[in-house]
Each structure stands twice: as structure tokens, then as C-alpha cells.
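**Student:**
2 protein chains.
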Amino acid sequence: MKILTENTLFKGLTESQITDILSTAYHREKSFLDGEIIVHQGDVINNIGIVLSGNATGKKYTPDGEEIIVSNMKANSIFGDVLSGAIGFASPVTVQAVGPCRVLFIDYNQLLYSHHPLAHHVLQNMIQSISRKYFAQNKRMDILMLKSVRSKVLSYLEWQRQTKGTNTFAIDLDRRLLADFLGVERSALSRELSRMKADGLIDYHKNNFTLFI
Amino acid sequence: MKILTENTLFKGLTESQITDILSTAYHREKSFLDGEIIVHQGDVINNIGIVLSGNATGKKYTPDGEEIIVSNMKANSIFGDVLSGAIGFASPVTVQAVGPCRVLFIDYNQLLYSHHPLAHHVLQNMIQSISRKYFAQNKRMDILMLKSVRSKVLSYLEWQRQTKGTNTFAIDLDRRLLADFLGVERSALSRELSRMKADGLIDYHKNNFTLFI
DNA sequence: TCTGTTTTGTTGCTATGGCAACCTGATATA
DNA sequence: TATATCAGGTTGCCATAGCAACAAAACAGA
Numbered sequence: 060m061k062i063l064t065e066n067t068l069f070k071g072l073t074e075s076q077i078t079d080i081l082s083t084a085y086h087r088e089k090s091f092l093d094g095e096i097i098v099h100q101g102d103v104i105n106n107i108g109i110v111l112s113g114n115a116t117g118k119k120y121t122p123d124g125e126e127i128i129v130s131n132m133k134a135n136s137i138f139g140d141v142l143s144g145a146i147g148f149a150s151p152v153t154v155q156a157v158g159p160c161r162v163l164f165i166d167y168n169q170l171l172y173s174h175h176p177l178a179h180h181v182l183q184n185m186i187q188s189i190s191r192k193y194f195a196q197n198k199r200m201d202i203l204m205l206k207s208v209r210s211k212v213l214s215y216l217e218w219q220r221q222t223k224g225t226n227t228f229a230i231d232l233d234r235r236l237l238a239d240f241l242g243v244e245r246s247a248l249s250r251e252l253s254r255m256k257a258d259g260l261i262d263y264h265k266n267n268f269t270l271f272i
Numbered sequence: 060m061k062i063l064t065e066n067t068l069f070k071g072l073t074e075s076q077i078t079d080i081l082s083t084a085y086h087r088e089k090s091f092l093d094g095e096i097i098v099h100q101g102d103v104i105n106n107i108g109i110v111l112s113g114n115a116t117g118k119k120y121t122p123d124g125e126e127i128i129v130s131n132m133k134a135n136s137i138f139g140d141v142l143s144g145a146i147g148f149a150s151p152v153t154v155q156a157v158g159p160c161r162v163l164f165i166d167y168n169q170l171l172y173s174h175h176p177l178a179h180h181v182l183q184n185m186i187q188s189i190s191r192k193y194f195a196q197n198k199r200m201d202i203l204m205l206k207s208v209r210s211k212v213l214s215y216l217e218w219q220r221q222t223k224g225t226n227t228f229a230i231d232l233d234r235r236l237l238a239d240f241l242g243v244e245r246s247a248l249s250r251e252l253s254r255m256k257a258d259g260l261i262d263y264h265k266n267n268f269t270l271f272i
């Protein structure tokens with residue numbers, strides 16, 4: 060349980076305070092094998108999930124059956140918080156184990172309605188966590204709304220430069236995922252990257268990029 | 060202040076409970092004239108804003124200077140909640156008065172850290188409010204990711220049918236706003252709507268739509 | 001009712017990007 | 001070392017949709 064002290068949901072709390080709070084809300088640990096579904100798209104859930112070990116992905120399926128990876132989760136990632144918070148909403152994503160993984164589920168309502176003096180603190184952390192997810196999504200929306208592939212790529216790289224703080228940086232998406240993120244064809248992305256390199260705007264090799272502008 | 064009993068942030072509380080809670084957090088009411096800026100894009104704020112009367116819009120500007128209306132706010136709309144919740148984030152939007160309007164600002168931290176017994180309740184409402192905004196955004200992202208204008212329109216209309224519950228319904232966006240929402244050209248939207256009518260998929264007049272599929 | 005204004009529809013032109021198909025190079029595996 | 005596999009790059013074709021410019025309704029105000 061030591062890992063939870065690093066979790067954004069319990070940030071600022073000691074290990075004993077965390078176990079103390081958890082004693083007031085029903086929770087259980089569950090293990091999943093590679094490929095097992097943790098949450099189905101369409102499920103209505105009332106639990107917060109925390110990845111204790113291993114990895115999981117959030118995917119969704121477009122109307123025409125294409126699979127899109129929405130998020131990659133590793134240890135200490137939280138899911139189901141926004142979903143539980145909205146009350147009554149169906150999960151827009153399927154959460155699936157990538158390799159064996161362990162997940163801690165915490166009853167959302169009991170945690171929320173707990174009168175434990177520190178529950179307040181957890182709520183504040185939760186608001187912060189949800190708000191951050193909102194803005195991450197917001198950033199992506201801004202990019203998706205741009206019309207040309209080039210402007211999308213530039214906007215993305217500019218964003219990365221800002222968060223990384225250097226003109227040369229590695230991104231954590233491969234071409235397929237980057238194309239999905241930008242909402243373009245993988246081949247169209249490759250094509251535009253070449254053009255941008257030819258135009259002297261950027262340089263890149265694999266997932267290492269340099270921005271010249 | 061009676062209007063606040065209808066506000067999602069104070070849902071479930073009586074008028075006297077609301078004034079009671081407000082007494083623990085710094086708040087002020089402010090009036091704005093038509094066109095006045097309430098929040099500038101890029102501002103870092105620590106207040107929750109509630110529109111008491113009048114209307115306001117949330118706009119943002121694309122890299123190439125184009126103005127996009129992101130949201131329309133009326134009485135009891137809340138803004139700044141997600142922004143304050145994320146702590147340290149710059150506002151991605153400019154909030155501007157449309158006609159004269161009054162806004163109630165509440166200090167976010169004092170409301171959040173209040174030890175008032177009902178503050179917990181407000182926090183829960185806030186989580187719900189933010190989560191809902193997240194999912195509204197999420198829905199839009201799904202639509203923006205589709206490639207063709209037709210699929211975007213169909214996805215949007217299908218969504219409207221589901222929320223409205225009938226095959227015939229009025230939407231609350233005009234063509235300009237709908238085009239922005241879908242991330243397409245206004246003329247391209249009009250063109251595709253005509254085609255879809257010709258193909259017998261839909262019928263429409265102004266903002267009244269009927270879905271045949 | 002007339003007129004100015006705003007909203008919506010229409011249409012030709014053309015660049016863009018989706019699609020498909022294939023190539024190249026890297027990494028893994030036997 | 002040979003070969004299978006996978007990520008990334010390249011390219012031709014062509015429908016789609018952006019852009020611009022204009023037409024036609026719808027609406028508002030005098």
C-alpha cells in the first residue's frame with residue numbers, strides 16, 4: 060500500500076492516514092490477466108480504480124468498429140473517478156489489462172460521503188485530478204479543431220516543447236498513436252512530417268523531435 | 060440570492076444554508092456591461108463565477124486569430140470551477156458579457172477549505188459539475204475525431220435524439236455554431252445537410268431536425 | 001410595407017488528406 | 001544466420017471539404 064502515498068488522490072497524506080480513510084470506504088484489490096477487461100464500454104460504475112501494478116489501456120470503438128486507444132495507464136493511474144463523479148453516466152471507454160495487473164477499487168460514494176476528517180482532503184485531490192484530466196482533454200480538442208495536418212503537428216510539438224522545456228525532446232507516442240491523437244491518417248502524418256523536415260521546420264528520428272521555429 | 064437554490068453547485072441546500080456557507084468564503088457580486096471581458100484568456104484565477112443574470116459567452120482564439128465560441132452561459136451557469144480546481148492553469152477561454160449581466164465570484168480556496176459542515180456537500184456538487192463538463196467535452200471529441208462531415212452530423216443528431224428522446228427536435232445551435240462545434244466549414248455543413256436531406260436521411264428547417272434513420 | 005442586416009443555402013475551383021498498396025529498416029526469434 | 005514481424009516511410013489516386021463569392025431567405029426596424 061506504500062505506493063498509494065505517491066498517488067495524486069492521496070497526496071499529502073501519510074500511509075497510516077490512507078489506511079485509516081480506506082477503512083471507512085469499501086474497497087477491494089483485484090488481479091487481472093493480460094487482455095482481461097477491467098471496465099466495459101457502456102458500464103455504469105461507482106468505483107474509483109487505481110492501478111497498483113502493471114499496465115492498462117483505455118480504448119473506445121468508433122461507430123464503424125475501429126478501435127482507438129485513448130489512454131495508457133501505469134502504476135498509480137486513476138480511472139473511473141470522472142465517471143463515478145458524473146453519476147449515472149455510461150463509461151465511454153473499455154479498460155483492458157496489458158499484461159498482468161492489480162487494481163484497487165474503492166467505493167466512490169462511501170469515500171465521498173465519508174465523515175472522516177481527512178475525506179475533505181481526498182475530495183480536494185480528486186477535484187484537482189479531474190480538473191487536470193479536463194484540461195488535458197481540452198488541449199487535445201484545440202488540436203483536433205485545426206484543419207490542416209501541418210497545423211495539428213505544429214500545435215502538438217509546440218505543446219510538447221512547452222511542457223518539456225527544450226527544443227529537442229522525445230514524445231511518448233508512436234506514429235500510430237500520434238496519428239490517432241491528432242485525428243489524422245498515419246500515412247498522412249508521415250507524409251506531412253517529411254514535408255516539414257524538408258521545409259526546415261523540424262527534424263526528427265523515430266520519436267525524437269527538434270523544433271526549429 | 061434565491062436563484063442559487065437552483066444552482067447545481069448548491070443543489071440540495073436551502074437558501075439559508077447557502078447564505079450560511081457563503082459567509083465562510085469571500086465572495087462579491089459584480090456587474091458587467093455588454094461586451095465587457097469577465098475573464099481573459101490566459102488569466103490564472105482562483106474564483107468560481109456564477110452568472111446571476113444576463114448572458115455570457117466563452118470564446119477562444121485559434122493560432123491564426125480566428126474567434127471561436129466555445130460555450131454560451133445563461134443565468135446559473137458556472138465557470139472557473141474547473142480552472143480553479145486544476146490550480147495554476149491559465150484560462151483557455153475568454154469570458155465576455157453578452158448584454159448586461161451580473162456575476163457572483165466566490166473564492167475557490169476558502170470555499171474548498173471551509174470547515175463548514177455543508178462544505179462537503181458543495182464539494183460533491185462541484186465534482187459532479189466538473190465531471191459533467193468533462194463528459195460533454197468528451198462527447199464533442201468523439202465527434203471531432205470522425206473524418207467526414209456526414210458522419211459528424213449524423214453522430215451529433217443521433218446524440219441530440221438520445222438526449223431529447225424524440226426523432227424530431229430543435230437544436231440550440233445555429234449553423235455557424237454547429238459548424239464550429241463539429242469542426243467543419245459552415246458552407247460544407249450546409250452542403251452536406253442538403254445532401255442528407257436529398258438522400259432521405261433527415262429533414263430540417265432552420266434549427267428543427269427530424270432523423271429518419 | 002420597404003429596406004438594411006443577418007442567417008442560411010448554393011456552387012465552382014482546387015488543395016488537402018484519406019485510402020490502399022507497397023517499400024524499407026529495425027527488432028525479435030528460432 | 002535466416003526469417004517473421006512490426007513500425008515507419010513513400011506514393012498515386014481521387015473524393016472530400018475548405019475557400020470564396022454570391023444568392024436567397026428570414027428577420028428586424030422604421
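Chains as they are written, first to last, in our numbering: chain W, 60 to 272; chain S, 60 to 272.
Backbone N, C-alpha and C fix where the C-beta goes; we use that ideal spot for every residue, glycine too.
Which residues share a DSSP beta bridge with His86 of chain W?
**Tutor:** Paired residues: W:Ile165.
**Student:** Show which residues of chain S have a CB atom less than 7 Å away from the CB atom of Leu216 of chain W.
**Tutor:** Near Leu216 of chain W there are no residues of chain S at all, since even the closest Cβ is about 13 Å away, more than 7 Å.
**Student:** Applying the criterion that 16 or more other CB atoms from any shown protein chain within 10 Å of the CB defines a buried residue, is Glu244 of chain W buried or exposed?
**Tutor:** Under this definition Glu244 of chain W is an exposed residue.
**Student:** Would you give the residue range spanned by the beta strand (DSSP E) that Asp262 of chain S belongs to?
**Tutor:** Note, Asp262 of chain S: beta strand (DSSP E), 261 to 264.
**Student:** Between Val212 of chain S and Leu241 of chain S, what straight-line distance do the alpha-carbon atoms span, to the nearest angstrom?
**Tutor:** Cα-Cα distance, rounded: 7 Å.
**Student:** Arg250 of chain W: buried (16+ other C-beta within 10 angstroms of its C-beta) or exposed?
**Tutor:** Its Cβ having fewer than 16 others within 10 Å, Arg250 of chain W is exposed.
**Student:** Output the distance between the C-alpha atoms of Val129 of chain W and Phe91 of chain W, rounded to the nearest integer angstrom.
**Tutor:** Going from the Cα of Val129 of chain W to the Cα of Phe91 of chain W covers about 20 Å.
**Student:** Where do the ends of the alpha helix (DSSP H) carrying Lys198 of chain S lie?
**Tutor:** It spans 178 to 204 - the alpha helix (DSSP H) in which Lys198 of chain S sits, taken as one unbroken run.
**Student:** For Ala115 of chain S, which beta-bridge partners are listed by DSSP?
**Tutor:** Looking at the DSSP assignment, Ala115 of chain S forms a beta bridge with S:Met132, S:Ala156.
**Student:** May I have the straight-line CA-CA distance separating Val110 of chain W from Glu88 of chain W, to the nearest angstrom?
**Tutor:** The straight-line gap from Cα to Cα measures roughly 10 Å.
**Student:** What residues from the stretch 164 to 195 of chain W come within 7 Å of chain S, judged by C-beta to C-beta, listed N to C?
**Tutor:** Going along the stretch 164 to 195 of chain W in chain order, one finds Leu171, His179, Leu182, Gln183, Met185, Ile186, Gln187, Ile189, Ser190, Arg191, Lys192, Tyr193, Phe194 with a Cβ nearer than 7 Å to chain S.
**Student:** Mind checking if Ala247 of chain W is an interface residue toward chain S, Cβ cutoff 7 Å exclusive?
**Tutor:** It does not; no Cβ of chain S falls within 7 Å.
**Student:** Taking Cβ positions only, does Met255 of chain W come closer than 7 Å to chain S?
**Tutor:** By this cut-off, Met255 of chain W is not an interface position.
**Student:** Could you give the residue range of the alpha helix (DSSP H) that holds Leu213 of chain S?
**Tutor:** First-last of the alpha helix (DSSP H) with Leu213 of chain S: 208 to 223.
**Student:** Is the beta carbon of Ala115 of chain S closer than 7 Å to that of Asp166 of chain S?
**Tutor:** Their beta carbons are not under 7 Å apart, which means Asp166 of chain S does not touch Ala115 of chain S by this criterion.
**Student:** When the distance is taken between beta carbons, is Glu65 of chain W closer than 7 Å to Asn135 of chain W?
**Tutor:** Yes; because the gap between Cβ atoms is below 7 Å, this pair is in contact.
**Student:** Classify Val141 of chain W as helix, strand or coil using the three-state DSSP reduction.
**Tutor:** Looking at Val141 of chain W - three-state DSSP - the assignment turns out to be helix.
**Student:** State whether the stretch 131 to 147 of chain W contacts the stretch 180 to 194 of chain W, with contact taken as three or more CB pairs (one from each stretch) at a distance under 8 Å.
**Tutor:** They touch, by the three-pair rule.
**Student:** Whose C-beta lies closer than 8 Å to the C-beta of Asp68 of chain W among residues of the same chain, with five residues either side of it excluded?
**Tutor:** First, the amino acid is wrong: residue 68 of chain W is Leu here, not Asp. So the list reads Ile107, Ile109, Ile137, Asp140, Val181, Asn184, Met185, Ser188, once near-sequence residues are dropped.
**Student:** How do the stretch 256 to 267 of chain S and the stretch 222 to 234 of chain S stand: do at least 3 beta-carbon pairs fall below 8 Å, yes or no?
**Tutor:** Counting Cβ pairs under 8 Å, three or more are found: they touch.
**Student:** Taking the beta strand (DSSP E) that Ile97 of chain W falls in, what are its first and last residues?
**Tutor:** Its beta strand (DSSP E) spans residues 96 to 98.
**Student:** Kindly indicate the opening and closing residues of the alpha helix (DSSP H) around Thr64 of chain S.
**Tutor:** From DSSP, Thr64 of chain S is part of no alpha helix (DSSP H); its letter is neither H nor E.
**Student:** With distance defined between alpha-carbon atoms, name the residue in W:Met132, W:Leu63, W:Leu205, W:Leu177 nearest to Ala156 of chain W.
**Tutor:** Out of W:Met132, W:Leu63, W:Leu205, W:Leu177, W:Met132 has the C-alpha closest to the C-alpha of Ala156 of chain W.
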